[in-house]
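Numbering of the sequence shown is given in this note's numbering, commencing with residue 33 and proceeding in unit increments.
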Amino acid sequence: MKTVNSFNFAGKRALVRVDFNVPLNERFEITDDTRIKATIPTITKILNDGGSVILMSHLGRPKDGPTEKYSLKHLVNPLSVVFGRKVKFADDCIGQSAIDQAAELQAGEILLLENLRFYKEEEKGNVEFAEKLSKLGDVWVNDAFGTAHRAHASTAVVGQFFEDRVCGYVMLAEIENANKILESAERPFTAIMGGSKISDKILIIERLLDKVDNLIIGGGMTYTFSLAEGGKIGKSINEPDKVELAKSLLEKAEAKGVKIYMPLDNTCADNFSNDANRQIVNRGEIPDGWEGLDIGPESVKLFSEVIANSKTVLWNGPMGVFEFPNFAIGTNAIADAVVKATEENGAFSLIGGGDSASAVNNAGYGDRVSYVSTGGGALLEYMEGKVLPGVAALS
Ligand code: 3PG
Ligand code: MG
């Protein structure tokens, strides 16, 4: 596989697939620019070699063609600041004006294309659409790890039209860090799994049972485990059809000698809002009319001890509804514990993308853990052992 490191981009126009699917607020301001900053090494390398860069990405999931809300034009100014030069913009990702703007690009210049998903052909992996995109550059660089689990035109299909398919630094780092966890984790190895649904995490949990010493389970999915134990969960989120699955996971963990840690207590609320009334109860003792929205203080203590004694920590998914500050206490405490294990115990800590990555970044801890992934679904699928189309297309 060719990598940016060993490829000379002098005089070349590099068509770079990035994942700039970043969160924007109602004023179209970026609220987490981790995915943008992550691409600085790749783009800088190309420009320093004497090449030019044509950036292509999706933003959101537009369903009906061009929409203001999903326009990548909102990223032009922030990108110009990040890259220290005026970033040009093509208001269509294919067509004559994109072709002309790409052709006129000089060494050291950056052109951003409009949202790829304004064409339904992108998600369909349409070959003709991919060929049109390919006309814009001399080499294809894929640095969109966050979208590598999608077999879309720009992430996978476009590769066949290039002699040079080059793997970017984000992609390399993501794979290296995920492999470190999967293949050479120092023990004790603790995985912390959160989030609302068992069904989203079942495959990765099953794979991790062969690798980890400890599995901490938090977040909304614990209420399904509570049901499996015959506990009371009030109106907490749950998946009744996954109760048997939860039971069998616990049995498998026991058979494999993996220690499972579940919350000892929960902070629950009388309605789903930050200002709801709160009370702390033991796991499985949530009163009718109440719902668990966070782990409680005894759980924080227990989980923090397990994390403190670990040499490898993988964290994916929040401990509660961390978007509500009153129910972010558990998630933030786990972030603290992971930072401590990293800094004081020399643990290797990898934060899976999505919500747990936002929680860590929002707490200002991005630089104090070993690695924060830019991938949510992509990281999970990679760790489940799946071949990612965006990676396969590079070889
Ligand atoms: C993501 O944020 O999950 C990636 O950018 C992929 O987007 P998608 O889930 O809409 O395909
Ligand atoms: Mg996704």
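Positions of the beta carbon are idealized from the N, C-alpha and C atoms, including for glycine.
Asp170 and Ser305 have their alpha carbons spaced roughly 52 Å apart. At least one heavy atom of the ligand 3PG lies less than 8 Å from the C-beta of His90. In the structure shown, Ala340 adopts helical secondary structure according to DSSP, grouped into three states. Boundaries around Arg310 are those of the beta strand (DSSP E), 310-314, since no alpha helix (DSSP H) includes it. Those residues that bring their Cβ nearer than 6 Å to a heavy atom of the ligand 3PG are Asp51, Asn53, Arg93, Gly178, Thr179, Arg182, Gly408, Gly409. With fewer than 16 other Cβ atoms inside 10 Å of its own Cβ, Phe60 counts as exposed. DSSP places Ile72 in no beta strand (DSSP E) but in the uninterrupted alpha helix (DSSP H) bounded by 72-81. When the alpha-carbon of Lys343 is set against those of Asp96, Gly140, Glu218, Thr299, the nearest one is in Glu218. Taking a cut-off of 8 Å on C-beta distances, the region 327-344 does not touch the region 262-279, as fewer than three cross pairs fall below it. The beta-bridge partner set that DSSP reports for Tyr293 consists of Ile248.
The three-state secondary structure of Ile131, taken from DSSP, is helix.
The region 222-230 makes contact with the region 253-268: 3 or more CB pairs, one atom from each, lie closer than 8 Å. One thing to note: Leu104 has its Cβ within 9 Å of the Cβ of Asn147.
Taking 9 Å as the cut-off, the beta carbon of Leu411 is found no closer than this to the beta carbon of Gly378. Between Val50 and Arg67, the CB-CB gap stays under 9 Å. Restricting attention to Gly140, Ile142, Phe194, the CA atom closest to the CA of Ala162 is found in Phe194.
Counted as a single uninterrupted DSSP element, the stretch harbouring Glu416 is not any beta strand (DSSP E) but the alpha helix (DSSP H) occupying residues 409-416.
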